[in-house]
Amino acid sequence: MIRDTAVFLWTEAYAARRRLAALFVGFALLPGLLVVGTAGFDQTLPQDVPVGVAPAEAETTADDLTVTRGGVALLGTPVQYETEEAALRGLDREEVYLVVLVPPDVLDDDSTTEFRMIWHGSAVPLIEAIGLLEAVLSVELSSFLPGEVDVTHEQRGVQLTLSEYLIPTGMTLFVLVVGLLFVPYDVMTDRPVLDRVRHQSRLEAFVAAKLLFYTLLTGSVLVAVAVANVPMEYRITPLRVETATAVGLLFLSTAAVGTGIAFLLGLGRTALFVNLGVLIGVVGFGSLLYPVGFFSSTRMAIARSLPPHYLAIAIRGHLVRGDGFGLYADWYRFIGVYVVGCLGFCWSCVRTYEWRR
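For the sequence shown, counting from 1, position 95 maps to 158 in this note's numbering; every step adds exactly one.
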């Protein structure tokens with residue numbers, strides 16, 4: 064199996080010389096244009112956001128948190144944390160997009176209650192709304208509490224531009240399109256030789272080489288983004304190991320699913336339409352363009368049930384925030400299981416195709 068895969072991998076790389084122009088456009092030019100093209104996007108304001116609620120001091124009681132959650136509920140979806148550190152970690156991981164730190168004795172009507180609202184500088188769609196959200200939160204909390212309320216907001220991390228924010232989003236969309244449409248189409252063009260492959264070697268080795276070749280080729284996407292970023296000077300780090308790992312895992316899992324569907328449907332054109340439907344579903348419900356909770360709690364629940372959503376956040380974290388593997392360690396464990404499951408699905412579809420032949 065390993066020897067056959069190596070042979071097919073060399074064959075795939077050698078055959079690529081006949082389509083260098085297409086590969087250059089798909090894996091170098093388009094990612095580079097993506098970096099430049101993001102400069103033309105406008106701001107979009109959120110309609111709803113998940114908001115973390117955590118104690119600001121050890122003396123903060125459960126009643127203080129409960130009352131504050133009531134005020135926050137009119138602003139967004141409250142998510143309670145036990146400590147400030149846990150809430151800020153959730154903010155870094157985009158579990159929430161605002162954190163409200165609750166002081167003790169919020170029901171005391173003899174003093175001014177000071178709340179701290181923290182937001183992350185990488186949450187670009189919130190930038191224009193921060194002042195409004197602060198005012199709304201102040202009004203809502205004032206209606207719940209007997210004393211004076213003072214809300215201040217603080218920025219965590221470096222504030223990004225919208226273009227910097229959209230680069231990892233565009234990269235995620237690019238990976239999904241190539242994995243679900245381009246790779247299956249390339250496999251379908253090799254259909255005339257698959258019978259010979261089945262008799263002379265193993266079809267699984269052929270597919271493994273195809274997936275490995277294109278997964279390794281995603282490295283050129285990161286290089287193209289880095290080169291295009293030289294004149295743009297965006298604060299992104301596409302050449303980090305963490306970024307390459309997240310992009311590679313997303314591509315490998317997506318291409319495995321797309322290729323598996325192609326074999327399951329007999330390598331016919333119908334497979335491309337099915338894959339297009341999968342692409343639209345993942346993009347539409349995976350909250351890839353804007354964070355979860357910006358449109359509805361239902362879409363937030365759906366997005367958080369899709370593994371590509373977590374990979375998209377990891378890509379953004381590695382690329383623009385400089386996050387390490389440790390912040391997403393628990394995510395990478397189930398992402399690893401997800402990738403293995405996608406490869407298993409692809410393998411079973413290839414075996415089904417062989418059985419039908």
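Ideal placement from N, C-alpha and C gives every residue a C-beta, glycine not left out.
When burial is assigned at 16 or more other CB atoms within 10 Å of the CB, is residue i buried or exposed?
| i | result |
| --- | --- |
| residue 397 | exposed |
| residue 127 | buried |
| residue 185 | buried |
| residue 242 | buried |
| residue 106 | Below a pLDDT of 50, predicted positions are generally treated as unreliable, and residue 106, at 42, falls in that range; the measurement from the model is reported next regardless. Flag for residue 106 reads exposed. |
| residue 277 | buried |
| residue 65 | exposed |
| residue 103 | Only weak support is given to the placement of residue 103: the predicted model assigns it a pLDDT of 42, under 50, and the question is left unresolved by the model. |
| residue 108 | Below a pLDDT of 50, predicted positions are generally treated as unreliable, and residue 108, at 47, falls in that range; no measurement from the model is reported. |
| residue 215 | exposed |
| residue 378 | buried |
| residue 312 | buried |
| residue 350 | buried |
| residue 233 | buried |
| residue 262 | exposed |
| residue 148 | exposed |
| residue 294 | exposed |
| residue 317 | buried |
| residue 230 | buried |
| residue 281 | buried |
| residue 391 | buried |
Taking the Cβ atom as the reference point for each residue, do residue i and residue j lie within a distance shorter than 9 angstroms?
| i | j | result |
| --- | --- | --- |
| residue 354 | residue 217 | no |
| residue 328 | residue 320 | no |
| residue 179 | residue 163 | yes |
| residue 345 | residue 239 | yes |
| residue 315 | residue 412 | no |
| residue 196 | residue 204 | no |
| residue 332 | residue 381 | no |
| residue 119 | residue 165 | yes |
| residue 374 | residue 247 | no |
| residue 341 | residue 365 | no |
| residue 384 | residue 133 | no |
| residue 144 | residue 125 | no |
| residue 339 | residue 416 | no |
| residue 285 | residue 256 | no |
| residue 175 | residue 122 | no |
| residue 130 | residue 200 | no |
| residue 308 | residue 237 | no |
| residue 223 | residue 187 | yes |
| residue 268 | residue 68 | yes |
| residue 424 | residue 306 | As displayed, the chain neither begins before 64 nor continues past 420, which places residue 424 out of reach and without an answer. |
| residue 202 | residue 161 | no |
| residue 402 | residue 326 | no |
Where do the ends of the beta strand (DSSP E) carrying residue i lie?
| i | result |
| --- | --- |
| residue 118 | 113 to 118 |
| residue 193 | Element bounds for residue 193: not the beta strand (DSSP E) but the alpha helix (DSSP H), 193 to 207. |
In this structure, does DSSP put residue i in helix, strand or coil?
| i | result |
| --- | --- |
| residue 141 | strand |
| residue 64 | coil |
| residue 299 | coil |
| residue 367 | coil |
| residue 146 | coil |
| residue 188 | helix |
| residue 124 | coil |
| residue 332 | coil |
| residue 355 | coil |
| residue 222 | coil |
| residue 157 | coil |
| residue 133 | helix |
| residue 171 | coil |
| residue 258 | helix |
| residue 360 | helix |
| residue 340 | helix |
| residue 382 | helix |
| residue 389 | helix |
| residue 347 | helix |
| residue 80 | helix |
At which residues does the alpha helix (DSSP H) containing residue i begin and terminate?
| i | result |
| --- | --- |
| residue 281 | 266 to 295 |
| residue 218 | No alpha helix (DSSP H) contains residue 218, which is instead part of the beta strand (DSSP E) from 212 to 219. |
| residue 419 | 392 to 419 |
| residue 239 | 225 to 240 |
| residue 316 | 304 to 327 |
| residue 246 | 246 to 252 |
According to DSSP, what are the bridge partners of residue i?
| i | result |
| --- | --- |
| residue 181 | 162 and 217 |
| residue 176 | 212 |
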